[in-house]
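**Student:**
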Amino acid sequence: MLIVMKPGATASEIDAVVNVVEAVGFRAHPMPGATRTAIGITGNEGPIDGRRFETLLVLRTSSESLSRTN
Numbered sequence: 000m001l002i003v004m005k006p007g008a009t010a011s012e013i014d015a016v017v018n019v020v021e022a023v024g025f026r027a028h029p030m031p032g033a034t035r036t037a038i039g040i041t042g043n044e045g046p047i048d049g050r051r052f053e054t055l056l057v058l059r060t061s062s063e064s065l066s067r068t069n
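Written out as structure tokens, the structure is:
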């Protein structure tokens, strides 16, 4: 799964998302880009229910924020 942060997300906002990912038992891999950061998620043994991340305010709009890579 890939979480795409809103453009200009701060380091503390990115850290907050990383903490949520790790709290549910996955590994987070922040990938900074020119205008926004994506966070790859690994460690899952099957599909991830992205709804648990959609409520984070630092993500892009919910329809665009999550891209499933499984």
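Each residue of the sequence shown is one higher than the last, beginning at 0 in numbering that gives the first Met the number 0. For every residue, glycine included, the Cβ atom is placed at its ideal position computed from N, Cα and C.
What whole-angstrom Cβ distance do Met30 and Gly42 have, given they're in contact under 8 Å?
**Tutor:** Contact doesn't hold; Cβ gap of about 16 Å is too wide.
**Student:** Between Gly24, Val17, Lys5 and Pro6, which has its C-alpha nearest Gly45's C-alpha?
**Tutor:** Nearest of Gly24, Val17, Lys5 and Pro6 to Gly45, Cα basis: Gly24.
**Student:** Tell whether a beta-carbon distance below 8 Å holds between Ala33 and Leu1.
**Tutor:** No, Cβ-Cβ distance for Ala33 and Leu1 is not below 8 Å.
**Student:** Figure out for me which residue from Pro6, Ala10 and Asn18 has the closest Cα to the Cα of Arg51.
**Tutor:** Out of Pro6, Ala10 and Asn18, Asn18 has the C-alpha closest to the C-alpha of Arg51.
**Student:** Within 10 Å of its beta-carbon, does Ala10 have 16 or more other beta-carbons around it, so buried, or fewer, so exposed?
**Tutor:** Burial call: exposed.
**Student:** What span of residues does the beta strand (DSSP E) with Arg35 cover, start to end?
**Tutor:** Where Arg35 is concerned, there is no enclosing beta strand (DSSP E), given that its DSSP letter is neither H nor E.
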